[in-house]
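**Q** The structure that follows is given in the form of C-alpha cells.
Numbering (my numbering), first residue to last: 122 to 337.
Next up, the structure:
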C-alpha cells in the first residue's frame with residue numbers, strides 16, 4: 122500500500138484542483154510534477170471530476186492522486202473506481218469513514234472544533250484536515266486546538282493557505298502538509314496556462330521546504 126502520509130510529508134503541499142475539462146487533467150498533473158509536486162487532490166466539485174481523476178491516475182505515472190470535496194459514500198466509491206489513492210472531505214462523515222476504513226483507503230476529513238476532532242479520533246483517524254484554516258483563526262487557532270491532544274493528531278490545514286502564510290503552518294510539528302490551490306487556480310487551468318502552473322509550483326516548493334520545521 123502506498124504510504125500516502127509519507128508522500129504528503131515529503132511534498133509538504135497538496136495541490137487542490139478544480140478542473141472542469143478532462144482534457145486538462147494530464148497537462149496539469151505534468152505541470153505539477155515538473156514543478157516538484159507528485160501529489161494532487163482533484164475536487165469533486167465539477168461534473169466530470171471522476172473522469173479527470175481517472176485520466177490522472179491512468180496516464181501520469183508517479184503521481185499520487187486523490188479525490189477532494191467528497192461528501193458521500195457514492196462519491197467515495199466513484200473516486201475509488203477512478204483510481205483515487207486517498208479521500209479528502211470538508212467535514213467528517215462517519216459513513217464515508219467506514220467505507221474507506223473497510224477498503225484501506227486513507228480518509229482525511231475536515232474538522233473545525235474539538236468535538237469534531239474527537240469524533241474523528243473515535244474512528245481511528247489521526248491526520249485531519251483543518252478547514253477552513255485561515256477563517257478559523259490560522260496558526261493561532263491550530264496551536265490552540267492541537268494542544269490538548271499531543272501526538273494523537275496531526276493536521277493538513279486547508280482554506281486560505283497561500284505562498285505568504287504557508288511557512289508559518291509548516292513550521293508547526295503538528296502539520297503534515299498544507300492544502301492549497303494558488304499554484305494551479307481554476308482560471309489558469311481553464312486558460313491552459315500550464316507553464317505558469319509549473320513555474321508557480323516550483324516557487325511554492327522552493328518556499329515551503331526551507332520553511333518547514335518542527336516548532337511547537
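C-beta atoms are modelled at their ideal positions from N, C-alpha and C, and glycine is treated no differently.
According to the neighbour-count rule (16 or more other Cβ atoms, all chains shown, within 10 Å of its Cβ), is residue 322 buried or exposed?
**A** To locate residue 322, count along the chain shown from 1; it is residue 201. Its Cβ being crowded by 16 or more others within 10 Å, residue 322 is buried.
**Q** Using DSSP bridges, identify the partner residues of residue 260.
**A** Locating residue 260 in the chain shown gives position 139, counting from the first residue. For residue 260, which the question treats as bridged, DSSP gives no partner whatsoever.
**Q** Classify residue 141 as helix, strand or coil using the three-state DSSP reduction.
**A** Within the chain shown, the letter at position 20 stands for residue 141. Three-state DSSP puts residue 141 in coil, outside helix and strand.
**Q** In chain order, which continuous runs of the alpha helix (DSSP H) of length 4 or greater are located wholly inside the segment 245-324?
**A** Runs found: 254-257, 259-267, 287-291 and 307-312.
**Q** Kindly indicate which three-state DSSP category residue 236 falls into: helix, strand or coil?
**A** As a working note, residue 236 is residue 115 in the chain shown. Reduced to three states, the DSSP call for residue 236 is helix.
**Q** Using a Cβ-Cβ cut-off of 6 Å (strictly less than) and excluding sequence neighbours within five positions of residue 334, which residues of its own chain qualify?
**A** In the chain shown, counting from the first residue as 1, residue 334 sits at position 213. The pLDDT assigned to residue 334 is 49, lower than 50, so where the model puts this residue is not dependable; a value taken from the coordinates is nonetheless given after this. Closer than 6 Å at the Cβ level, and outside the excluded window around residue 334, lie 292.
**Q** With residue 304 and residue 318 assumed to form a contact (beta carbons below 8 Å), what rounded beta-carbon distance in angstroms separates them?
**A** In the chain shown, residue 304 corresponds to position 183, counting from 1. In the chain shown, residue 318 corresponds to position 197, counting from 1. So it is a contact: roughly 6 Å between Cβ atoms.
**Q** If you draw a straight line from the alpha carbon of residue 277 to that of residue 249, how long is it in whole angstroms?
**A** Mapped onto the chain shown, residue 277 falls at position 156. Mapped onto the chain shown, residue 249 falls at position 128. About 6 Å.
**Q** Which runs of the alpha helix (DSSP H) at least 4 residues long sit entirely within the segment 202-236? Give them in chain order.
**A** For the segment 202-236, whole alpha helix (DSSP H) runs of length 4 or above, ordered along the chain, are 215-223.
**Q** Taking the alpha helix (DSSP H) that residue 185 falls in, what are its first and last residues?
**A** Taking the chain shown and counting its residues from 1, the one referred to as residue 185 is at position 64. Careful: residue 185 lies outside any alpha helix (DSSP H), inside the beta strand (DSSP E) at 185-189.
**Q** Restricting to Cα atoms, I'd like to know which of 232, 301 and 245 is closest to residue 267.
**A** Here the question's residue 267 lines up with position 146 in the chain shown. Measuring from the Cα of residue 267, the nearest candidate turns out to be 232.
**Q** Taking all protein chains shown into account, do 16 or more other C-beta atoms lie within 10 angstroms of the C-beta of residue 202, making it buried, or fewer, making it exposed?
**A** Here residue 202 corresponds to residue number 81 of the chain shown, with the count starting at 1. The residue is exposed, with fewer than 16 neighbouring Cβ atoms inside 10 Å.
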